[in-house]
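**Q** Residue numbers (this note's numbering): 986 to 1900.
(1) Restricting to Cα atoms, I'd like to know which of 1439, 1398, 1620 is closest to residue 1318.
(2) With a 10 Å radius around its C-beta and 16 neighbouring C-beta atoms as the bar for buried, classify residue 1842 as buried or exposed.
(3) Who are the Cβ neighbours of residue 1634 in its own chain at under 6 Å, not counting the five residues just before and after it?
(4) In terms of DSSP beta bridges, what is residue 1744 paired with?
(5) Secondary structure at residue 1602, three-state DSSP: helix, strand or coil?
(6) Sort 1353, 1658, 1330, 1254 by Cα distance to residue 1370 and report the nearest one.
(7) CB-CB under 7 Å to residue 1300, same chain, minus the five flanking residues each way: which ones, in chain order?
(8) How many Å lie between residue 1497 and residue 1294 at the Cα?
(9) Which residues mark the beginning and the end of the alpha helix (DSSP H) in which residue 1800 is found?
(10) Once the 5 residues before and after residue 1750 are set aside, which same chain residues still bring their CB inside 8 Å of it?
(11) So, using beta-carbon positions, are residue 1200 and residue 1229 closer together than 8 Å?
(12) So, using beta-carbon positions, are residue 1368 and residue 1340 closer together than 8 Å?
(13) If you draw a straight line from the alpha carbon of residue 1519 to that of residue 1588, how long is it in whole angstroms?
(14) Quick test of your reading: residue 1756 and residue 1790, contact by CB under 8 Å. State the CB separation rounded to the nearest angstrom.
(15) Between 1847, 1449, 1605, which lies nearest to residue 1818 when the distance is taken from Cα to Cα?
(16) Distance, Cα to Cα, residue 1416 vs residue 1560?
(17) Skipping 5 residues on each side, what residues in its chain have a beta carbon closer than 7 Å to that of residue 1390?
(18) Measuring alpha carbon to alpha carbon, tell me which of 1637, 1157, 1322, 1456 ends up nearest residue 1216.
(19) Distance check for residue 1592 and residue 1566, CA to CA, integer angstroms please.
(20) Counting C-beta neighbours from all protein chains within 10 Å, is the total for residue 1308 16 or more, i.e. buried, or is it exposed?
(21) Would you give the residue range spanned by the alpha helix (DSSP H) that residue 1287 belongs to?
(22) Starting from the N-terminal side, write out each stretch of the alpha helix (DSSP H) that is 4 residues or longer and does not extend beyond the region 1285-1367.
(23) Kindly list the residues whose CB is nearer than 7 Å to the CB of residue 1499, restricted to its own chain and excluding five residues on each side of it in sequence; keep chain order.
(24) Closer than 8 Å by C-beta to residue 1958: which residues in its own chain qualify, once you throw out the five before and the five after it? Chain order, please.
(25) Are residue 1344 and residue 1208 closer than 8 Å when you measure CB to CB?
(26) Measure from the alpha carbon of residue 1806 to the alpha carbon of each residue in 1822, 1834, 1735, then state which is nearest.
(27) Do the CB positions of residue 1611 and residue 1657 come within less than 8 Å of each other?
(28) Start and end of the alpha helix (DSSP H) containing residue 1500?
(29) Classify residue 1478 as helix, strand or coil using the three-state DSSP reduction.
(30) Whole angstroms is fine: what's the gap from residue 932's alpha carbon to residue 1400's?
(31) Can you give me the start and stop residues for the alpha helix (DSSP H) that residue 1613 sits inside?
(32) What does a CB cutoff of less than 8 Å around residue 1365 pick up in its chain, not counting 5 residues either side in sequence?
(33) Would you grab the beta carbon distance between residue 1901 and residue 1463 for me? Rounded to a whole angstrom, and I think it's under 8 Å.
(34) Quick one, which of 1600, 1608, 1754, 1210 has its alpha-carbon nearest residue 1155's?
(35) For residue 1265, which of 1298, 1446, 1785, 1303 has the nearest alpha-carbon?
(36) With a cut-off of 8 Å, do at least 3 Cβ pairs link the region 1539-1549 to the region 1580-1587?
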């Protein structure tokens, strides 16, 4: 043991003997270099004051400006990465400034320092960013950083060496570590008094280096005495840490940010270095709070800014590592809340925060509205610190904490921030962040939700009361809503009012769709919970009705209506719920007419979407097909009547909402027709009738009518026309699906028994299935506005349907109701030729009547197709006089039509010449 001790002392003595001349040489060279730089700067400064040249003899010479006095060595502040990016290291001398302002601008004095934000009306200077400045400083001063780390490790390793070798009793080991740290602090203070502290001082950064290493050694000794040896209790440990922290605050104030940074880093690492990773305990949560307070307290007066960020990062990171090591999630959650409190209170240097506007929501709104222009004042640095810490704490509580430690701490944090912001408009909306994390936790806490759902009425023992988990969570959300409503004044009225009307209702909705409280509490008790939320929202609306700003009241009314809708959803059956939603839509339209609130139009659109979802999906068309007729008719007819009534109640300026109501009425009417057809025709053949060509077309026709009606009303412009086009496109797509099936799989040519044609020739199901849609397409192409380039495509689609109808009808005339037999009869073949000639003649006649070059060319194409058919197909089955007579008649017809085509072309050319 003694031999090891003498070896250690020898090594230390050798290190001192070797380091002393090296340090002396380095300091001498740095001093000479510094003197040369100062001389150059003074010469350049005098040359700049002298001007470009001697003045004329007759002109009076200006008196030179007095040289500014150099501050004493103990007032010199280190210049490094804590200087605001882009600012010169030496502030320029103002041309005319008050003496008091000049004194306040000198480094090392209290008040606005180099870390302050520039005035709003002054352009932000360009320069390297903070990260680049920090990197540059570390490259220039890495030796001091490593020196501080080495000295701090020396004190900590001394404690470990004493443990391993048993050199001293535990109490003396701790005393030696603390004494070693005190000696380093005393040495740093002695050097600072004689040589200053900072890059421009003769002693450079040596005082900060020794003092930072001493603080780390003291922290390590105190922590080791508690965690490793148990020499004293938590009370004495706290006293020692608080005393050390206060001393560190004073030292950081005198020395500069290098000492503060090294002290923070060392204090954060001390528990891990001393305990070797085995000291994860809840007692270290207050320790890291003190570390964070140290950095924030120093920076609150010196305004280095980045020291506060470092302090919060070390405090949060150290506490998180304790949590990962098993120190408990309760302490972790409380530590996060305490860190938020420190980040809000300490940088403002006031027990009651008074952060100035703008708030983050105001700044975000200004930036979005400015679109690249000047967005006004920026967030102050205290607001930025508070925003960052609140966001980090909210995320950590959502992601890492579990159960009510997460929910309770987030709710307490939100309410606490509301209280702290009563006189601080700059942080008035920060309480919304933990509230958002609370709602997100409601949706993502699958384990807690599954445990709650597992206690459903049929799963828990009889005569046992249900758990109050859902009630407690909804109560926490309601408390946050009440807090937001109470703070909804001043510049953050709208953000907090929005938070008030969303937190509790959204919480109820998330609980319903993720936690299923109705299965545990019962439908009626849970619906009463939701109705209580609706009553709270109604109270908000009444409370805000006296405000000039009508938006908060409108939002509260919307939230109350949504909560009532959710309660009705829990209690009513399919038809009754649809009717209840329809009544709410009418109520929203009436409120909009009375109060002129645009938010009621939003609710109307949301209500229309909800009713559409119920009519189509849940319970949807399947329910409508098999439900009793009276409830089905009541649901559809009531919804249609509601939107028609809402359209009449809406103010004339609500053009978009009126168009939504009108489009919904048309679409729901088409759905009702489809449902009635589906319920009626399967009575004839329940299996096959729904897959026939005529039934599929019946399903498509209502949607074609809806699409045509929407296109017919285009012309208002703006979003209304866009909405009508979207609805028309959707309806047309819904119509094309059954029409495509009618043309392909349900086509009578290959559908077998399902393809049997009903009715008399011409007046049969082919007319309904193909001719009617074709005629509608042609009429739409001719008369509907807003088609643009789609007009020709729609006309071609209509012509294709009419051509298909003609072909199938001719085959039906020759084959009867079943046309799926193989082969083509000879008379059927001639009928197709005659039909083609007749069609070409009709097209040519229309070309003459309408003076249409397109129709004329189409007619000639039909005639060319007829000739090709006759020569390539019909001629093979003809012989004798029949073939002679057929070709003779064909020739006469073609000659007549060719003559007529020539006359039409000349007439059209003459019309163009006259025009």
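Just so it is clear, CB atoms sit at the ideal spot from N, CA and C, and this is done for glycine as well.
**A** If we stick to the structure as given:
(1) 1398
(2) exposed
(3) 1574, 1575, 1578
(4) 1749
(5) coil
(6) 1330
(7) 1273, 1274, 1276, 1277, 1324
(8) 40 Å
(9) 1775-1800
(10) 1677, 1678, 1679, 1742, 1743, 1744
(11) Taking a C-beta distance under 8 Å as the contact criterion, residue 1200 and residue 1229 qualify as a contact pair.
(12) yes
(13) 15 Å
(14) 4 Å
(15) 1847
(16) 41 Å
(17) 1314, 1315, 1318
(18) 1157
(19) 7 Å
(20) buried
(21) Start and end: 1269-1287.
(22) 1291-1309, 1314-1330, 1345-1355
(23) 1427, 1428, 1434
(24) No answer is possible for residue 1958: the residues shown for the chain start at 986 and end at 1900.
(25) no
(26) 1735
(27) no
(28) Taken as a continuous stretch (DSSP letters only), residue 1500 belongs to no alpha helix (DSSP H), as it is neither H nor E.
(29) helix
(30) The structure shown does not extend to residue 932, since the chain is modelled only from 986 through 1900, so no value can be given for it.
(31) First-last for residue 1613: undefined, no H or E at that position.
(32) So the list reads 1102, 1340, 1341, 1411, once near-sequence residues are dropped.
(33) The question about residue 1901 has no answer here: the residues shown for the chain are numbered 986 through 1900.
(34) 1210
(35) The option with the nearest alpha carbon to residue 1265 is 1303.
(36) yes
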